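Numbering (our numbering), first residue to last: 799 to 1180.
Rendered as structure tokens:
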């Protein structure tokens, strides 16, 4: 049997090394571009020779500082994002040459105006409907981003470089999808908390093949151990899909509440999980057109209408044989909160229960979450 526990330990140990590696990259002359959202096309940033990094946004620690300039009744992700920049406590933000934002929601786009005072911030104007006109508009926005990167970083983005980065980013998606699909097995070979750890590990890989190879190794070892009879998760666990707002460190309390009370998370539909990776960029199309189709197709709740998200959720319920859905809503996230009604309808149509969990980044509701998740899982008949 392969020692997968040791692989998980190494992945966990690699997380705090990310800032050190970015510092070393900057000292070696590399440019760093900070990103907050799955709509940001990493391929273009990499084709410009820069390193795209996922910026800190999921901790309660900088929220009080953020509230000095932002309203308190704002989503915690927005307040934390700004608070990290304001307090200079996100090492990735510290080393950024440029930040890329996007108009996914009103709160974020207004926050970016303030963030621009701290770091140069370029905001992409995201269409919020999928149509031929919207795809063309988004293609134009991606080209404008490329031009801005060229001017800001003093580089040139060639079609050859863009196609190369499209192929590599697709390979990254394929590797992550292979790992995700292991959880279709009954019982799954890894827990949702372990799956979330791999997602975080992947972020600090910064596109390096060594990190992708570590995910490949984990997938292979989990599969071979499973085929040899190892069962790391009890088959009595109820299979849960988590959907809704972005996940991160401070909402891991929800994952713990699910998995310590008889459930196991088999899929994250959120933008840190399946949502941005399940479709690839079409490598046969012209690069900017292909990127526009791919990224505008991400079914975020900012899109209206957003039937594609409901179809994705329906498909995941069937493919992962889910017993229930947990809809994770951050306080004051209006788009996901409104869609929660439709998520419940979709779950009911699939014959499984759904529960909405509204929370923030503070840890005061841990016991309440445990009680609610315990009751939810018990309702499924464990």
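Beta carbons are placed, not taken as given, at the ideal position from N, Cα and C, and that holds for glycine.
Given the structure is predicted, the values throughout are model-derived calculations rather than measurements.
- Taking C-beta atoms under 8 Å as the contact rule, residue 897 and residue 917 qualify, at a distance of about 5 Å.
- Checking the DSSP bridge columns, you'll see residue 920 partnered with 898.
- With contacts defined by Cβ atoms closer than 7 Å, residue 1036 and residue 1171 do not form a contacting pair.
- Comparing alpha carbon positions, the residue from 882, 960, 1019, 1129 closest to residue 893 is 882.
- In its chain, beyond the 5 residues on either side, 1075, 1078 have a beta carbon closer than 7 Å to the beta carbon of residue 971.
- Unbroken beta strand (DSSP E) stretches of 3 residues or longer found wholly inside the stretch 827-885: 830-833, 849-852, given in chain order.
- In this structure, 1039 is the residue among 1039, 1096, 822, 1129 with its C-alpha nearest to the C-alpha of residue 1152.
- For residue 1155, the enclosing beta strand (DSSP E) covers residues 1152-1157.
- The continuous alpha helix (DSSP H) containing residue 1056 extends over residues 1050-1057.
- DSSP places residue 1064 within a strand segment (E or B) once states are collapsed to three.
- The beta-bridge partner set that DSSP reports for residue 1040 consists of 1066, 1124.
- In this structure, residue 840 lies away from residue 853, with their beta-carbon atoms at least 7 Å apart.
- The beta-carbon separation of residue 820 and residue 842, rounded to 19 Å, does not stay under the 8 Å limit for a contact.
- With the rule of 3 Cβ pairs closer than 8 Å, the stretch 1093-1110 does not count as touching the stretch 1005-1015.
- At the C-beta level, residue 886 and residue 830 stay beyond 7 Å of one another.
- Inclusion of residue 1159 and residue 860 in the CB contact set at 7 Å is not warranted, their separation being larger than that value.
- Between residue 836 and residue 947, the gap from beta carbon to beta carbon reaches 7 Å or more.
- Closest option to residue 965, judged by alpha-carbon separation, among 1118, 1033, 844: 844.
- In this structure, residue 1108 lies near residue 1140, with their beta-carbon atoms less than 7 Å apart.
- Per DSSP, the unbroken alpha helix (DSSP H) holding residue 805 starts and ends at 802-812.
- In this structure, residue 1138 lies near residue 1154, with their beta-carbon atoms less than 7 Å apart.
- A check of alpha carbon separations from residue 810 across 999, 1145, 1116, 1050 identifies 999 as the nearest.
- In this structure residue 985 touches residue 1031 by the C-beta definition: roughly 4 Å separates them, less than 8 Å.
- For the options 904, 855, 900, the alpha carbon positioned closest to that of residue 884 is the one of 855.
- As for any beta strand (DSSP E) of minimum length 3 sitting wholly inside the stretch 1072-1147, the runs are 1122-1128, ordered along the chain.
- The residue among 869, 1091, 1027, 940 with its C-alpha nearest the C-alpha of residue 929 is 1091.
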